[in-house]
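A.B. asks: In terms of our numbering, the sequence shown opens at residue 745 and continues consecutively. The structure's right below; bear with me while I get my questions together.
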Amino acid sequence: MASNDIEIVQSFIRKYINKAVKEHFKDQVGEDETSLSKSTPRSAIKLVCLHKDTDPITLTGIRLLIWWVEARGLLDEFIYGIPYSQFHETVQFLPQIKLFWREKNRFSKS
Numbered sequence: 745m746a747s748n749d750i751e752i753v754q755s756f757i758r759k760y761i762n763k764a765v766k767e768h769f770k771d772q773v774g775e776d777e778t779s780l781s782k783s784t785p786r787s788a789i790k791l792v793c794l795h796k797d798t799d800p801i802t803l804t805g806i807r808l809l810i811w812w813v814e815a816r817g818l819l820d821e822f823i824y825g826i827p828y829s830q831f832h833e834t835v836q837f838l839p840q841i842k843l844f845w846r847e848k849n850r851f852s853k854s
């Protein structure tokens with residue numbers, strides 16, 4: 745059993761996140777540097793995302809970040825804010841109404 749919080753987190757990641765990584769990359773055979781090729785992108789990403797027992801917590805954080813951003817496609821969806829000129833040219837919006845009001849000091853609660 746893990747003795748401190750960092751070991752508990754790393755144990756969780758080795759057990760559950762590594763399982764998800766292996767499932768996501770099941771077409772890539774191997775689980776370590778000797779059996780995974782660094783020359784193909786998917787096997788290299790699998791190698792980077794698999795957490796090892798000897799990893800420090802900073803490397804654990806980097807591996808999780810790469811897993812969520814690269815492999816899980818966290819940044820694949822575009823987020824549009826208003827205004828964005830090219831987006832505005834291709835999309836028709838519904839009217840937007842913004843209301844602003846100011847309460848006079850004599851009516852406000854102190």
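Glycine included, C-beta positions come from ideal geometry on N, C-alpha and C.
Between which residues of its own chain and Leu765 is the CB-CB distance below 6 Å, once the five residues before and five after are set aside?
C.D. replies: Per the sequence shown, the amino acid found at residue 765 is Val instead of Leu. Once the five neighbours on either side are set aside, the close Cβ partners of Val765 are Cys793, Leu794.
A.B. asks: Roughly how many angstroms separate the alpha carbons of Gly774 and Asn748, rounded to a whole number?
C.D. replies: 30 Å
A.B. asks: Using only the alpha-carbon positions, how far apart do Asp771 and Lys796 sit?
C.D. replies: 20 Å
A.B. asks: Using 8 Å as the threshold, is the C-beta distance between Ile757 and Leu808 below it?
C.D. replies: yes
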